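Novice: Have a look at this one before I ask anything.
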Amino acid sequence: LEALASEQNRTIQTIEVDLPKEELTKRLTGRRSCSICGEIYNIYSKPPKQDNVCDFHPETQLTHRADDNEESVSTRLAIYDELTKPLLDYYEKTGRLEKVNGEGDLEEIYRAIDKLI
Numbered sequence: 260l261e262a263l264a265s266e267q268n269r270t271i272q273t274i275e276v277d278l279p280k281e282e283l284t285k286r287l288t289g290r291r292s293c294s295i296c297g298e299i300y301n302i303y304s305k306p307p308k309q310d311n312v313c314d315f316h317p318e319t320q321l322t323h324r325a326d327d328n329e330e331s332v333s334t335r336l337a338i339y340d341e342l343t344k345p346l347l348d349y350y351e352k353t354g355r356l357e358k359v360n361g362e363g364d365l366e367e368i369y370r371a372i373d374k375l376i
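First residue of the sequence shown? That's 260 in my numbering, and the numbers climb one at a time after it.
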């Protein structure tokens, strides 16, 4: 990746959306979606108006991804720590890592990322 960027006279800049693992686990395990329109809900932070039913398709029960459970999330985070975290450490050491606080609402996070881009 570094060689490709160098060939194109570009540098790699990275953005990490920083969020405590407990909050990330809560967000992932609480995620639900509509199989018709793809609308995403969260039972903790953005619940549907009617329990487990899409606001736009009231005949449709929300789905919960099979891998959005605590065990799977824990496994995914362990893989992240093993494979991705070292890359972030590298980019941080070379001054090419920006961190965004992921604890705000989606609009705040989007604005923070947009400022960096």
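Heads up, the beta-carbon is just placed ideally off N, CA and C, and yes, glycines get one too.
From a predicted model like this one, the values you see are computed outputs, not experimental measurements.
Report, in whole angstroms, the separation of the C-beta atoms of residue 302 and residue 289, which I expect to be a contact under 8 Å.
Specialist: With 8 Å as the limit, residue 302 and residue 289 qualify as a contact, their Cβ atoms being about 4 Å apart.
Novice: Quick one: grab the DSSP three-state call for residue 266.
Specialist: In this structure, residue 266 counts as helix in the three-state DSSP scheme.
Novice: So residue 294 and residue 322 are in contact, right, with Cβ under 8 Å, and what is the actual spacing, rounded?
Specialist: Correct: roughly 5 Å between the Cβ atoms.
Novice: With DSSP collapsed to three states, give me the class of residue 310.
Specialist: Here residue 310 sits in coil by DSSP.
Novice: Going straight from the alpha carbon of residue 328 to that of residue 263, what length do you get?
Specialist: Roughly 37 Å between the two C-alpha positions.
Novice: Does DSSP put residue 290 in a helix, in a strand, or in coil?
Specialist: In the structure shown, residue 290 sits in a strand (DSSP, three-state: E or B).
Novice: Counting only the same chain and skipping the five closest in sequence on each side, list residues whose C-beta sits under 6 Å from that of residue 324.
Specialist: Cβ within range, chain order: n/a, list empty.
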